[in-house]
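In the working numbering, the protein residues as written are 22 to 166.
For every residue, glycine included, the Cβ atom is placed at its ideal position computed from N, Cα and C.
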């Protein structure tokens, strides 16, 4: 059994911060729907003049939505054994998604790569989760924190 430490509260707050991230991204999609006249249930625009920019705004939100489930899993599990490291990596990932989106919002999909440093944070979270599993199975001993 892995005890939950007081520091796990930082992990919880990091996970909660994704509510604000997703609200920010969703709000921008709603504003773009109004501005570019893209009605529900259409997910993407086929307008030759403004479709590209709307689609970039939509993709920034959708891509983050797709990555959110593994992020939260790795954060939650990795944070059991490594709460400070998971919190740091988690906040880097959240920040990187804002940079990613702002690059995408330019209408040039290549500028989304400005937030690619978040992929390293996600990899780090994956490794903390794997290590937590190894410790729980007794394959390795926990590091003293």
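Going by other Cβ atoms of all chains shown within 10 Å of its Cβ, with 16 needed for buried, is residue i buried or exposed?
i: residue 77; result: buried
i: residue 152; result: buried
i: residue 51; result: exposed
i: residue 117; result: buried
i: residue 160; result: exposed
i: residue 46; result: buried
For the alpha helix (DSSP H) containing residue i, list its first residue and its last residue.
i: residue 53; result: 29-57
i: residue 125; result: 104-125
Return helix, strand or coil for residue i, following the three-state DSSP convention.
i: residue 164; result: coil
i: residue 132; result: helix
i: residue 145; result: helix
i: residue 24; result: coil
i: residue 66; result: coil
i: residue 85; result: helix
i: residue 71; result: coil
i: residue 6; result: Outside the displayed span of the chain (22 to 166) sits residue 6, for which this structure offers no information.
i: residue 137; result: coil
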